[in-house]
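K.L.:
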Amino acid sequence: MDSEDAELVARSQGGDLTAFNFIVQRYQAQVLNLSSRMLGNRHRAEDVAQETFISAYRALDRFRGGSLRAWLLRIAANATKDAMRGTRRRPEQSLDESLSNPSFQPRSGGDSPEEYAERAELNEQLQRAILSLSVDHRAALVMIDVQGLSYQEAAEATGASIGTIKSRLSRARARVRDLLMERRELLPEKYRQNQ
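Numbering (this note's numbering), first residue to last: -8 to 186.
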C-alpha cells in the first residue's frame, strides 16, 4: 500500500470522513468499472459501487494492510456477485445508456458511418462474450485485462491463488477469442486470419 493510501486509511479509521471521501474519489472509477463490466448494466453497477464503499467504510477497522485497491475490489466483486445472484435475467441497457456510453460515440477523425457501425457491433459482441463467462472467469478478465491489476492484486481481490487467477484468465481469454472469431468479419483485418 502506498503511503498516501496508508495515511488515508489511518485517518478514516480515526473517523475522518474527508479522508474516506478521498479514498472513494481515488478508487470509485475502478470499482464502478469492475461492477459495470461484470453486470453489463451501468445503473446496477452504480448501486453496487455505492454498496461497496458503504461496506468498506463499515469494515475499515478490519482492514489489515496490503493493497487497498485489491481490498476494495474484493468487496466490489463480492457485492457484484451478490447482485448477480439476486437477478438472473439478461442484462438490460437502455438506448439512452448506449448513446451516452463513450465507446458508442463516433471518434473525431472522420469515421464513416459503416466504420462506426462495425466498431459499435464489435463492442457489443465483445461485451456479450465477456458476459457469457462465469462470474469467476469474468472477474479475472476484467481485473487483469481491463483494469490492469497484477496477478497478485487480482488474487487478493478474489481470494483465489495466483495459479487459479492465471488459469481463469487463460480460459476466459480463450473463450472470448473463440466467440469473437465466430464473427471475425467484425474484427480488424490483422485478427481475421485463422489461428
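Backbone N, C-alpha and C define an ideal beta-carbon position, used for all residues, glycine too.
1. For Gln19, which of Leu64, Val133 and Glu(-5) has the nearest alpha-carbon?
2. When DSSP labels each residue in this structure, what does Leu177 get in the three-state scheme?
3. With C-beta atoms as the reference, is Arg183 less than 7 Å away from Arg175?
4. Secondary structure at Phe44, three-state DSSP: helix, strand or coil?
5. Does the Cβ-Cβ distance between Glu(-5) and Ser58 come in under 7 Å?
6. Taking Met134 as part of the alpha helix (DSSP H), name the residues at either end of that continuous run.
7. Do the stretch 34 to 47 and the stretch 119 to 130 make contact, defined as three or more Cβ pairs closer than 8 Å?
8. In the structure shown, what three-state DSSP assignment does Ser26 receive?
9. Output needed for Gln116: all residues of its chain with C-beta closer than 8 Å, excluding positions within five of it in sequence on either side, in chain order.
10. For Ser46, which residues in the same chain have their Cβ closer than 8 Å to its Cβ, ignoring the five residues on either side in sequence?
11. Pull up the distance between the alpha-carbon of Gly198 and that of Leu124, whole angstroms please.
12. Should the stretch 132 to 139 be regarded as contacting the stretch 154 to 163, the criterion being three or more beta carbon pairs within less than 8 Å?
13. Can you tell me whether Asn32 is buried or exposed? The criterion is at least 16 other CB atoms within 10 Å of its CB, across all chains shown.
P.N.:
Judging by the given coordinates:
1. Leu64
2. Under the three-state reduction of DSSP output, Leu177 falls in the helix class.
3. yes
4. helix
5. no
6. Here Met134 belongs to no alpha helix (DSSP H), and DSSP marks it neither H nor E.
7. Here the stretch 34 to 47 does not lie against the stretch 119 to 130, with fewer than 3 beta-carbon pairs under 8 Å apart.
8. helix
9. Leu170, Leu171, Arg174 and Leu177
10. Ile66 and Ala70
11. With the chain covering only -8 through 186, there is no way to say anything about residue 198.
12. yes
13. buried
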